[in-house]
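K.L.:
In the UniProt record's numbering, the protein residues as written are 1 to 335. Sending over a structure as structure tokens; questions will come in a sec.
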Amino acid sequence: MDFNISIIVPVYNVESYLSDCLKSLQNQTYSNFEVIVVDDGSKDNSGIIAKEFCNKDKRFKYIKQENKGLGGARNTGLLNAKGEYIFFLDSDDKLTVNAVELMKNKIKNNNYDIILGRPVWCKNGEYLGTYIDHIFKDEDYLISSIQLKDVVIVTSQLIKKDLFFKNNIFFEEKVTSEDVEISLKLQNCSQKILCTNEIFYLRTEREDEENLSITQRFDCKIVKDRLNSSKRIIEIKVKDLYKENKKSRIIQNINYIRNGLIKENDLKKCQLIIEEMKKFLKNNKNNELFNKYFDAVFLLNFKSLCSLDDKEILQKIKNDNLINKIKRKVKISKL
Numbered sequence: 001m002d003f004n005i006s007i008i009v010p011v012y013n014v015e016s017y018l019s020d021c022l023k024s025l026q027n028q029t030y031s032n033f034e035v036i037v038v039d040d041g042s043k044d045n046s047g048i049i050a051k052e053f054c055n056k057d058k059r060f061k062y063i064k065q066e067n068k069g070l071g072g073a074r075n076t077g078l079l080n081a082k083g084e085y086i087f088f089l090d091s092d093d094k095l096t097v098n099a100v101e102l103m104k105n106k107i108k109n110n111n112y113d114i115i116l117g118r119p120v121w122c123k124n125g126e127y128l129g130t131y132i133d134h135i136f137k138d139e140d141y142l143i144s145s146i147q148l149k150d151v152v153i154v155t156s157q158l159i160k161k162d163l164f165f166k167n168n169i170f171f172e173e174k175v176t177s178e179d180v181e182i183s184l185k186l187q188n189c190s191q192k193i194l195c196t197n198e199i200f201y202l203r204t205e206r207e208d209e210e211n212l213s214i215t216q217r218f219d220c221k222i223v224k225d226r227l228n229s230s231k232r233i234i235e236i237k238v239k240d241l242y243k244e245n246k247k248s249r250i251i252q253n254i255n256y257i258r259n260g261l262i263k264e265n266d267l268k269k270c271q272l273i274i275e276e277m278k279k280f281l282k283n284n285k286n287n288e289l290f291n292k293y294f295d296a297v298f299l300l301n302f303k304s305l306c307s308l309d310d311k312e313i314l315q316k317i318k319n320d321n322l323i324n325k326i327k328r329k330v331k332i333s334k335l
């Protein structure tokens, strides 16, 4: 059977969410698509649940591998996908019941590279909204990459598979926070991006504090990955047209860390994260552009980080008063 769309579901220790995720695919109003479930070395019952679905539905394919992280699982799905278009679905999230039909109708007789649908956060069955509402309009429209200044996660996009293979765009293994970087690369080599107000994707806000999603967690590894991702984004060569887009993505990435430190109440955790920041900046002290971005967001330069102790640094970060907000806005505008 020929499939227009391949849906890739990376799975790792999500036994509490996986059935709902896969049921949302099984119950789609349109049926001609494939699902590739990549079990990334789960240690709970996720593999058993996934295999049950795959044994009952011929559209579902189960692949088991040693743990390679979210990026590695997505790559495995890409290499096994038969569809012309790819859609990534995280295993704790769901699709709306007519999502695939809506996507299929959008690509029919249209040579879009990417279709961007509205992602919605959900909790207990209620819509909580999305953080990129302003880019959506009542009617579909073509959007350029330069208009996509906000972080657009790869899971909210239907992407032509050729974009990955022709441009050698793949995910790094065992690294978090790659969505910004990968989205930027994909959008920069796209000719036609359709933005639609249709809701395809329902993101789950987990309530289990011991099992938070990557986007809900804030720890040293995620901070390290965010910093490294920002550095790699700086190194991406883009046309002048996309420089503003690139700048915005780096700022948002670094701002994620600043906001996390402002909200975090665990002093020891904050100190560990600040030490991680110091280590990163020390290793990249000659990267003038990154240091400018960091200084603009944190209002702290490398010299300040070296001269102040962790508690003083944290106090400066948390002191997010009106004057500091104005300073930040001015510095960012001059980048």
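Just so it is clear, CB atoms sit at the ideal spot from N, CA and C, and this is done for glycine as well. Here the structure is a predicted model, which is why all the values come from computation and not from measurement.
Taking 9 Å as the cut-off, decide whether the C-beta atoms of Asp90 and Pro10 are in contact.
P.N.:
Taking 9 Å as the Cβ cut-off, Asp90 and Pro10 qualify as a contacting pair.
K.L.:
Start and end of the beta strand (DSSP E) containing Gly83?
P.N.:
First-last for Gly83: undefined, no H or E at that position.
K.L.:
Return helix, strand or coil for Tyr256, following the three-state DSSP convention.
P.N.:
Tyr256 falls in the helix class under three-state DSSP.
K.L.:
Can you list, in chain order, the residues of its chain whose CB lies under 8 Å from that of Ile233, leaving out five sequence neighbours each side?
P.N.:
These residues qualify, in order along the chain: Val180, Glu181, Leu184, Lys246, Arg249, Ile250, Asn253.
K.L.:
Using 10 angstroms around the beta-carbon of Lys165, count the other beta-carbons present and answer buried if the total reaches 16, otherwise exposed.
P.N.:
Per the sequence shown, residue 165 should be read as Phe rather than Lys. Exposed: under 16 other Cβ atoms inside 10 Å.
K.L.:
Since Lys160 is in the beta strand (DSSP E), which residue starts that stretch and which ends it?
P.N.:
Looking at the DSSP string, the run of the beta strand (DSSP E) that includes Lys160 is 157 to 160.
K.L.:
Give a yes or no on contact between the region 20 to 37 and the region 49 to 56, applying the rule of three or more CB pairs nearer than 8 Å.
P.N.:
As far as the Cβ criterion goes, the region 20 to 37 touches the region 49 to 56, which means the pair count is three or higher.
K.L.:
Should Thr29 be labelled buried (16 or more other beta-carbon atoms within 10 Å of its own) or exposed?
P.N.:
Exposed.
K.L.:
Between residue 343 and Tyr62, is the Cβ-Cβ spacing less than 9 Å?
P.N.:
With the chain running from 1 to 335 in the structure shown, residue 343 is simply not present.
K.L.:
How close, in whole Å, do the beta carbons of Tyr258 and Ile332 come, if the pair is a contact with beta carbons under 8 Å?
P.N.:
Reading off the sequence, residue 258 comes out as Arg, not Tyr. Rounded, the Cβ-Cβ distance is 12 Å, inconsistent with contact.
K.L.:
With three or more beta-carbon pairs closer than 8 Å as the criterion, would you say the region 186 to 197 touches the region 78 to 96?
P.N.:
Cβ pair count under 8 Å is below three, so no.
K.L.:
Which residue marks the beginning of the alpha helix (DSSP H) containing Lys224, and which one marks its end?
P.N.:
Run containing Lys224: 220 to 235, per the alpha helix (DSSP H) assignment.
K.L.:
Pairing CB atoms from the region 154 to 172 with CB atoms from the region 71 to 85, are three or more of them under 8 Å?
P.N.:
Short answer: they touch.
K.L.:
Is Leu267 buried or exposed, if buried means 16 or more other CB atoms sit within 10 Å of its CB?
P.N.:
Counting Cβ neighbours within 10 Å, Leu267 comes out exposed, since fewer than 16 surround it.
K.L.:
Going by C-alpha distance, which of Asn321, Asn27, Ile8 is nearest Phe87?
P.N.:
Closest by alpha carbon: Ile8.
K.L.:
Are the Cβ atoms of Ser156 and Thr96 separated by less than 9 Å?
P.N.:
No. Outside cutoff.
K.L.:
Whole angstroms is fine: what's the gap from Lys334's alpha carbon to Glu178's?
P.N.:
Straight-line Cα distance between these residues: approximately 26 Å.
K.L.:
Between which two residues does the beta strand (DSSP E) carrying Ile169 extend?
P.N.:
Run containing Ile169: none; DSSP gives neither H nor E here.
K.L.:
So, helix, strand or coil for Glu198, using DSSP?
P.N.:
Residue state, collapsed to three classes: strand.
K.L.:
On a CA-only basis, which of Asp309, Leu22, Asn287, Asn111 is nearest Lys161? Give me that one, please.
P.N.:
Closest by alpha carbon: Asn111.
K.L.:
Closest to Leu227 by CA distance: which of Met277, Gly260, Lys263, Cys270 is it?
P.N.:
Comparing Cα-Cα distances from Leu227 to each of Met277, Gly260, Lys263, Cys270, the minimum goes to Met277.
K.L.:
Should Cys220 be labelled buried (16 or more other beta-carbon atoms within 10 Å of its own) or exposed?
P.N.:
Classification of Cys220: exposed, given that the 10 Å Cβ count is below 16.
K.L.:
Spatial neighbours of residue 360 within its chain, please: C-beta separation below 7 Å, excluding the five flanking residues on both sides.
P.N.:
In this structure the chain extends from 1 to 335, so residue 360 is not present and cannot be described.
K.L.:
Would you decide whether Cys306 is buried or exposed? Buried here means 16 or more other CB atoms lie within 10 Å of its CB.
P.N.:
Cys306 should be labelled exposed.
K.L.:
Can you list, in chain order, the residues of its chain with a C-beta nearer than 8 Å to that of Asn301? Leave out the 5 residues immediately preceding and following it.
P.N.:
So the list reads Asn291, Phe294, Asp295, once near-sequence residues are dropped.
K.L.:
Please classify Thr29: does DSSP put it in a helix, a strand, or coil?
P.N.:
Of the three classes helix, strand and coil, the one that applies to Thr29 here is coil, per DSSP.
K.L.:
In the DSSP assignment, the beta strand (DSSP E) including Arg118 goes from what residue to what residue?
P.N.:
Looking at the DSSP string, the run of the beta strand (DSSP E) that includes Arg118 is 114 to 123.
K.L.:
For Ile332, name the three-state secondary structure that DSSP assigns.
P.N.:
If DSSP states are grouped into helix, strand and coil, Ile332 belongs with the helices.
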